[in-house]
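Protein chains in written order, with my numbering: chain P, 28 to 270; chain X, 97 to 332.
For every residue, glycine included, the Cβ atom is placed at its ideal position computed from N, Cα and C.
These numbers come from a predicted model, not from an experiment.
Take a look at the structure below.
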Amino acid sequence: MIRFENVEKWFGPLQVLADVSGEVRRGEVKVLVGPSGSGKSTLIRTVTRLERIQGGRVLVGGADIAARGLDINRLRQRVGFVFQAYNLFPHLSALGNITLGLTKLRRMSRAAARERAMEELARVGLTEKANEMPGMLSGGQRQRVAIARSLAMDPEVMLFDEPTSALDPEMVGEVLVAMKRLAAGGMTMICVTHEIGFAREVADEIWFMEAGKVIERGRPAELASASAHPRLAGFLHMVGHHR
Amino acid sequence: MLEILQNNWLLFLIGQYPHGPIGGLAMTLFMASISLALCFPFAIGLALARLSPYRWLRLPATAIVHTVRGLPLIMFIFWTYFFSPLIIGRAVGGVETLVIALVVYEAAYLSEIIRAGIEGLPKGQVEAATSLGLRYWPTTIKIVLPQALHNMLPSMVSQFVSTIKETSLGYVISAHELTFAAAQVNNVLLTQPFEVYGILALTYFALCFALTSLARFIERRISAGRGGTPGVMVAA
Numbered sequence: 028m029i030r031f032e033n034v035e036k037w038f039g040p041l042q043v044l045a046d047v048s049g050e051v052r053r054g055e056v057k058v059l060v061g062p063s064g065s066g067k068s069t070l071i072r073t074v075t076r077l078e079r080i081q082g083g084r085v086l087v088g089g090a091d092i093a094a095r096g097l098d099i100n101r102l103r104q105r106v107g108f109v110f111q112a113y114n115l116f117p118h119l120s121a122l123g124n125i126t127l128g129l130t131k132l133r134r135m136s137r138a139a140a141r142e143r144a145m146e147e148l149a150r151v152g153l154t155e156k157a158n159e160m161p162g163m164l165s166g167g168q169r170q171r172v173a174i175a176r177s178l179a180m181d182p183e184v185m186l187f188d189e190p191t192s193a194l195d196p197e198m199v200g201e202v203l204v205a206m207k208r209l210a211a212g213g214m215t216m217i218c219v220t221h222e223i224g225f226a227r228e229v230a231d232e233i234w235f236m237e238a239g240k241v242i243e244r245g246r247p248a249e250l251a252s253a254s255a256h257p258r259l260a261g262f263l264h265m266v267g268h269h270r
Numbered sequence: 097m098l099e100i101l102q103n104n105w106l107l108f109l110i111g112q113y114p115h116g117p118i119g120g121l122a123m124t125l126f127m128a129s130i131s132l133a134l135c136f137p138f139a140i141g142l143a144l145a146r147l148s149p150y151r152w153l154r155l156p157a158t159a160i161v162h163t164v165r166g167l168p169l170i171m172f173i174f175w176t177y178f179f180s181p182l183i184i185g186r187a188v189g190g191v192e193t194l195v196i197a198l199v200v201y202e203a204a205y206l207s208e209i210i211r212a213g214i215e216g217l218p219k220g221q222v223e224a225a226t227s228l229g230l231r232y233w234p235t236t237i238k239i240v241l242p243q244a245l246h247n248m249l250p251s252m253v254s255q256f257v258s259t260i261k262e263t264s265l266g267y268v269i270s271a272h273e274l275t276f277a278a279a280q281v282n283n284v285l286l287t288q289p290f291e292v293y294g295i296l297a298l299t300y301f302a303l304c305f306a307l308t309s310l311a312r313f314i315e316r317r318i319s320a321g322r323g324g325t326p327g328v329m330v331a332a
């Protein structure tokens, strides 16, 4: 579904992705962990060309996203992206945030878009908040609206960029529940997160990144063995300690 | 002073109308409003061009804005006054002249306000729209401009206040506005310029002060609204 081939990216003289390769197959959930600045967010942002890469290739459904003639906006409709800061449109209601893409891109009628949006809001348990403005919602509710906004476009893949990092602890759970349900439904997902419990439960594979490289990969079940994955185990120990 | 006002209030308000052209405060407000309204599309165009990734759009727009902002308004009024008849081929009245000059002048200033509004938006807004698959124009029209213009409402009201004061320059080309009306009154009375221009000053002040207060009020409302949406502040 998504393949990274020797991806290289620099911010000026600073290399943020160094020879990253890897594959995410349909229906798989990959979780990216690692210290901040290790390139996790940048890596998933390359998938929809929010970040350009300077070397290597990123393929989505077999198509090189940098290829000439590829309609990147069409591709972006197939790849949902959830941000740390939610990035809801503050001047539109929860419902308006979701229907925008449907009416503008899917050419749905207002009524049809509304119906579709309500379906997604129901899925994240926010039916009664449909007409609220984002400013009136809690962080957890905002992030769930953001997830619903992405899902309404029927994406084939969902990318999550630290979706719970900006949330107060008591709101993390409600967002993770929505994500787990999504994973259980067979959605292909790449999640950048520090929620190790979530990773253990849902991930097919965990990638540990440091200094722009994926330095260790493993199934969650193997995580316990510090001998096989010393760096990852060390990092998890540290993260666990601070919680 | 009161006596002057009693005898001439109608002239201050609407000029010689209905016995002559409409003028006075009514014309001042009309010219300021219509100028700002007409310059709006130009200002948005200039702002977007200045933020464009394309040099061939960015450079000319930047040059225009810097040139206009680097010249006094009276220059534009004279240029319009002397050159537009040559271009159009007929005489152009004072009001039209002033409005044309103001549209050019204000477009440059307003475009800077709009540009600041756009640049002030969190980067995540455009990224979220882009990630949905929206192209440049739907993103600009549905996401960027509504927020940028809303946030910049106080600055736009302030710009309206400046425009009102700038219409007084219309006096030099006999545009029938508030200052022109005051001058007419003064010419009739001859001996009371202090009182007449005192009334003029008070009128401008009351109008502009009221509008500035309105701008402050809107500003408070908007920042209160922002306080309710801390989500945009945490963008990492």
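Selected residue, minimal CA-CA separation from residue i, among the options
i, options, result
"residue 223 of chain X", "P:108, P:128, P:121 and P:171", "P:108"
"residue 207 of chain P", "P:196, P:225, P:217 and P:197", "P:225"
"residue 36 of chain P", "P:60, P:70 and P:52", "P:70"
"residue 85 of chain P", "P:48, P:140 and P:43", "P:48"
"residue 29 of chain P", "P:68, P:45, P:90 and P:42", "P:90"
"residue 191 of chain X", "X:124, X:153 and X:202", "X:124"
"residue 238 of chain P", "P:50, P:55, P:72 and P:68", "P:68"
"residue 125 of chain P", "P:110, P:111, P:112 and P:146", "P:146"
"residue 81 of chain P", "P:93, P:245, P:87 and P:88", "P:93"
"residue 227 of chain P", "P:263, P:241, P:51 and P:197", "P:263"
"residue 209 of chain X", "X:114, X:248 and X:163", "X:248"
"residue 275 of chain X", "X:297, X:174 and X:302", "X:297"
"residue 112 of chain P", "P:178, P:230, P:187 and P:244", "P:187"
"residue 137 of chain X", "X:245, X:174, X:184 and X:188", "X:245"
"residue 157 of chain X", "X:122, X:165, X:163 and X:146", "X:146"
Local Cβ density within 10 Å of residue i, reported as buried at 16 or more and exposed below that
i, result
"residue 171 of chain X", "exposed"
"residue 199 of chain P", "buried"
"residue 57 of chain P", "buried"
"residue 284 of chain X", "exposed"
"residue 320 of chain X", "exposed"
"residue 215 of chain X", "exposed"
"residue 179 of chain X", "exposed"
"residue 265 of chain P", "exposed"
"residue 150 of chain X", "exposed"
"residue 329 of chain X", "Any reading at residue 329 of chain X must be qualified, since the residue scores a pLDDT of 36, below 50, and its modelled position is unreliable; the value itself is stated next. By the neighbour-count rule (16 or more Cβ atoms within 10 Å), residue 329 of chain X is not buried but exposed."
"residue 134 of chain P", "exposed"
"residue 277 of chain X", "buried"
Residue(s) in a DSSP beta bridge with residue i
i, result
"residue 215 of chain P", "P:184"
"residue 91 of chain P", "P:86"
"residue 37 of chain P", "P:42"
"residue 243 of chain P", "P:235"
"residue 30 of chain P", "P:50 and P:86"
N-terminal and C-terminal residue of the beta strand (DSSP E) that residue i is part of
i, result
"residue 236 of chain P", "232-237"
"residue 159 of chain P", "Here residue 159 of chain P belongs to no beta strand (DSSP E), and DSSP marks it neither H nor E."
"residue 57 of chain P", "56-60"
Residue i and residue j closer than 9 Å at C-beta
i, j, result
"residue 182 of chain P", "residue 105 of chain P", "yes"
"residue 236 of chain P", "residue 60 of chain P", "yes"
"residue 127 of chain X", "residue 295 of chain X", "no"
"residue 128 of chain P", "residue 229 of chain X", "yes"
"residue 100 of chain X", "residue 291 of chain X", "yes"
"residue 170 of chain P", "residue 148 of chain P", "no"
"residue 217 of chain X", "residue 131 of chain X", "no"
"residue 212 of chain X", "residue 139 of chain X", "no"
"residue 176 of chain X", "residue 160 of chain X", "no"
"residue 161 of chain P", "residue 122 of chain P", "no"
"residue 174 of chain P", "residue 202 of chain P", "yes"
"residue 115 of chain P", "residue 72 of chain P", "no"
Start and end residues, alpha helix (DSSP H) containing residue i
i, result
"residue 108 of chain P", "From DSSP, residue 108 of chain P is part of no alpha helix (DSSP H) but of the beta strand (DSSP E) over 106-109."
"residue 171 of chain X", "169-184"
"residue 128 of chain X", "120-146"
"residue 108 of chain X", "98-110"
"residue 229 of chain P", "223-229"
"residue 256 of chain X", "249-262"
"residue 193 of chain X", "190-215"
"residue 147 of chain P", "137-150"
"residue 238 of chain X", "No alpha helix (DSSP H) contains residue 238 of chain X, which DSSP labels as neither H nor E."
"residue 276 of chain X", "274-285"
"residue 170 of chain P", "166-178"
"residue 153 of chain X", "151-165"
"residue 74 of chain P", "67-74"
"residue 130 of chain P", "121-131"
"residue 227 of chain X", "219-228"
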